[in-house]
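What follows is the structure, given as structure tokens:
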């Protein structure tokens, strides 16, 4: 969503520049007022489109209600070369799948009996605790980790239960739609941080919450917004990066359906009320006026 916002702010800047070139007076703050008005109009005008791209179709449900019992179509695998394993298509996305039945014809249909955990990590900045992430993955071999980063690739790529994607938000290596797909598949998003006064993890946390994928994050001294975020209400805080605390947090969310449901719904409500395009536009206008 950040790329969309920057795109429309850029459009507002270009239009304002053209207006100045055509002779619009530059006094009395008129260019700033025009820029703010255009920014808000563009952001609000495309709000519904952005929400459909960045958020997707979401419904209030239990953890596995949208998966268990639903039909999927076999895309590949489940053959002599890959018995019991392959790819299936569900809700417009391609998923890894396992089956007790070794062979399933491509194009046939099967029913989801259970959904495996998928723990997602996205980030590149130096405040991410990559050393602890590696430690966590090695000590939870039965869990699947999906990691998007350009950092520590040589340390992470050979860990069996980590699927590694090279990615960076400012380089356009991965498309936004690909990241949306990762968030939609993830059970939990993990943001382990080194303690620092510098804020970190905000974009990933907000994106995950908008997709109704709960977030576990280190409560650092520089956490960006303690006013709106509350432990076990709309986010899950950890105080220390220890295996015991993080594994306990992951198990707590996965085994407590009520907690999972409440946390995801409260997180989504917070995004809708405080971190949507309209709220962003009002804050931007306030900054410009001040």
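Numbering (my numbering), first residue to last: 283 to 572. Quick reminder that beta carbons are idealized off the backbone N, C-alpha and C, glycines included.
Asked: Using the beta-carbon count (16 or more within 10 Å), is residue 503 buried or exposed?; Found: exposed
Asked: With H, G and I counted as helix, E and B as strand and the rest as coil, what does DSSP make of residue 528?; Found: helix
Asked: Less than 8 angstroms between the beta carbons of residue 498 and residue 532, yes or no?; Found: yes
Asked: One question on the structure: do residue 493 and residue 530 come within less than 8 angstroms of each other, judged by their Cβ atoms?; Found: no
Asked: Comparing C-alpha positions only, which one of 477, 421 and 393 sits nearest to residue 521?; Found: 477
Asked: Excluding the 5 residues flanking residue 423 on each side, which residues of the same chain have their C-beta closer than 8 angstroms to its C-beta?; Found: 442 and 443
Asked: Name the DSSP beta bridge partners of residue 355, please?; Found: 371 and 391
Asked: For residue 367, which residues of its own chain have a beta-carbon under 6 angstroms away from its beta-carbon, when the five flanking residues on both sides are left out?; Found: 359 and 380
Asked: Just to confirm, is the Cβ distance from residue 548 to residue 516 under 8 angstroms?; Found: yes
Asked: What separation, rounded to the nearest whole angstrom, lies between the Cα atoms of residue 385 and residue 363?; Found: 10 angstroms
Asked: Would you check if the distance between the CB atom of residue 486 and the CB atom of residue 470 is smaller than 8 angstroms?; Found: no
Asked: Classify residue 292 as helix, strand or coil using the three-state DSSP reduction.; Found: helix
Asked: To the nearest angstrom, report how far apart residue 436 and residue 388 are at their CA atoms.; Found: 35 angstroms
Asked: Pop quiz: residue 301 and residue 316 are said to be a contact at Cβ under 8 angstroms. What is the actual Cβ separation, rounded to whole angstroms?; Found: 6 angstroms
Asked: Have a look at 407, 509 and 539 and flag the residue whose alpha-carbon is nearest the alpha-carbon of residue 496.; Found: 539
Asked: Label residue 407 either buried or exposed according to how many other C-beta atoms from any shown protein chain fall within 10 Å of its C-beta, with 16 as the threshold for buried.; Found: exposed
Asked: Can you list, in chain order, the residues of its chain with a C-beta nearer than 8 angstroms to that of residue 340? Leave out the 5 residues immediately preceding and following it.; Found: In this predicted model, residue 340 has a pLDDT of only 36, less than 50, meaning its place in the structure is not dependable enough to derive any value.
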